[in-house]
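Heads up: the structure comes next, in structure tokens.
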Amino acid sequence: MRGAGDDRQHRPAAPGRGRDFTDNSIELARRYGIEHQELDAAEIRRRFPQFAPLDDSARGYFEPGGGFVRPERCIDAQLTRARQLGATLITGQTVLELDAQDDGVHIISDGSRLFARQVIVSAGMWSAQLLGAPFDSLLQVCRQQLYWFRLDEPERYPARSPSFILHSADDVDACYGFPPIPGEGSVKIATEQYSASSQPDSLDRQPSSADAQRLFHKLIAPHIAGLAPSW
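Printed below as a string of structure tokens:
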């Protein structure tokens, strides 16, 4: 985990709307004793020059102890520890069905059939179809897009730049990103939308140039400096 901090920014919600993302973050931090700072636009721009384009109405929530983890390393550590504790790893098979019975669960894949008294399901976007009711009506797959934008002005990014989340006033448009990794020359940014759902086996996994341009011009350029389009 890299403790580079976590910065969440939001434009104020329109009058009459409910509590926004930043308000909710602040409320939860206060309730659970999480160290945090509430920042106005001027303070955000002063401390983090990469956010120089922010509008004066922007608000920020900052966790000094926040950061990010590298998922590949986490998964590798989990698998290594599982082997050390005697687990058998089966890879290269697709689980097709979970058949729950009174005495346990049959795991049916395209290469074998296993039985276990208990099963922990961590199947990501395939969880709903494997678990069935009621989860098939509670869970949905929402396509997200991930991009690396070229770092054009590295001087705007301090050594301990924060991870960040940007939300629009209506909470419809949102993205999140991470500080530049030394030597990569880019910033990783992803969308966060929950209005359009997809099916896992027919998901469009190819981002388009039009999608990248929309993200850059609508969410990135108005809020983040020092990045250039990657198309």
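Going by our numbering, the first residue of the sequence shown is number 15, and it counts up by one from there. Glycine residues also receive a C-beta, built at the ideal position from the N, C-alpha and C atoms. A quick note: this is a predicted structure, and the numbers were derived from the prediction, not measured.
(message) If I measure Cβ to Cβ from A55 and keep anything under 6 Å in the same chain, skipping five residues before and after, which residues do I get?
(response) What you label residue 55 is simply residue 41 of the sequence shown in a count that begins at 1. Result list for A55: L68, D70 and A72, in chain order.
(request) Tell whether a beta-carbon distance below 8 Å holds between A239 and E169. (result) To locate residue 239, count along the sequence shown from 1; it is residue 225. To locate residue 169, count along the sequence shown from 1; it is residue 155. Contact flag unset, no.
(request) Would you identify the three-state DSSP class for E198, choosing helix, strand or coil? (result) For this step, residue 198 is matched to residue 184 along the sequence shown. Secondary structure of E198 (DSSP, three-state): coil.
(request) Report the residue from Y46, H50 and G138 whose alpha carbon sits nearest the alpha carbon of P214. (result) As a first step, residue 214 is located in the sequence shown; it is residue number 200 there, counting from the start. Comparing Cα positions, the closest option is G138.
(request) Would you grab the beta carbon distance between A204 and Q159 for me? Rounded to a whole angstrom, and I think it's under 8 Å. (result) Looking up residue 204 in the sequence shown gives position 190. Looking up residue 159 in the sequence shown gives position 145. Contact between A204 and Q159 holds, with the beta-carbon distance rounding to 7 Å and staying under 8 Å.
(message) On a Cα-Cα basis, can you pick out the residue from F82, S151, D34 and R59 that is closest to I195?
(response) The sequence position of residue 195 within the sequence shown is 181, counting from 1. Closest by alpha carbon: F82.
(request) Using the Cα positions of E111 and A147, report the straight-line distance between them to the nearest angstrom. (result) The residue given as residue 111 occupies position 97 in the sequence shown. The residue given as residue 147 occupies position 133 in the sequence shown. One C-alpha to the other measures close to 13 Å.
(request) Put C156 into one of helix, strand or coil per three-state DSSP. (result) Taking the first residue of the sequence shown as 1, we reach residue 156 at position 142. Note: C156 maps to coil in three-state DSSP.
(request) Taking the CB atoms as reference points, tell me whether Y171 and Q64 lie closer together than 8 Å. (result) Taking the first residue of the sequence shown as 1, we reach residue 171 at position 157. Taking the first residue of the sequence shown as 1, we reach residue 64 at position 50. For the 8 Å CB-CB criterion, Y171 and Q64 form a contact.
(request) Output the distance between the C-alpha atoms of F230 and D113, rounded to the nearest integer angstrom. (result) Position 216 of the sequence shown, counted from the start, is the residue given in the question as residue 230. Position 99 of the sequence shown, counted from the start, is the residue given in the question as residue 113. For F230 and D113, the distance between alpha carbons rounds to 45 Å.
(message) If I measure Cβ to Cβ from P243 and keep anything under 8 Å in the same chain, skipping five residues before and after, which residues do I get?
(response) What you label residue 243 is simply residue 229 of the sequence shown in a count that begins at 1. Excluding sequence neighbours, P243 sits near F163, R164, A226, Q227 and F230.
(message) Taking only three categories from DSSP, how would you classify F192?
(response) Position 178 of the sequence shown, counting from 1, holds the residue named residue 192. In this structure, F192 counts as coil in the three-state DSSP scheme.
(request) Please classify D34: is it buried, with 16 or more other beta-carbons within 10 angstroms of its beta-carbon, or exposed? (result) In the sequence shown, the residue the question calls residue 34 occupies position 20. In this structure D34 is buried. Its beta-carbon is surrounded by 16 or more other beta-carbon atoms within 10 angstroms.
(request) Please state if the CB of R157 and the CB of A101 are separated by a distance shorter than 8 Å. (result) Within the sequence shown, numbered from 1, the residue matching residue 101 stands at position 87. Within the sequence shown, numbered from 1, the residue matching residue 157 stands at position 143. No, they are not a contact pair.
(message) Here's the rule I'm using: 16 or more other beta-carbon atoms within 10 Å means buried, otherwise exposed. How should I48 be labelled?
(response) Walking along the sequence shown from the start, residue 48 turns up at place 34. Counting Cβ neighbours within 10 Å, I48 comes out exposed, since fewer than 16 surround it.
(request) Spell out the partners DSSP gives S212 in its beta bridges. (result) Your numbering for residue 212 matches position 198 in the sequence shown. According to DSSP, S212 shares a beta bridge with V155.
(request) Report yes if the CB atom of A188 is closer than 8 Å to the CB atom of S182, and no otherwise. (result) The residue given as residue 188 occupies position 174 in the sequence shown. The residue given as residue 182 occupies position 168 in the sequence shown. Cβ distance < 8 Å, so A188 and S182 count as in contact.
(request) May I ask you to report which of helix, strand or coil DSSP gives A142? (result) As a position in the sequence shown, residue 142 is number 128, starting the count at 1. A142: helix per DSSP, three-state reduction.
(message) Quick check on DSSP: helix, strand or coil for Y171?
(response) Residue 171 sits at position 157 when you count from the first residue of the sequence shown. Of the three classes helix, strand and coil, the one that applies to Y171 here is coil, per DSSP.
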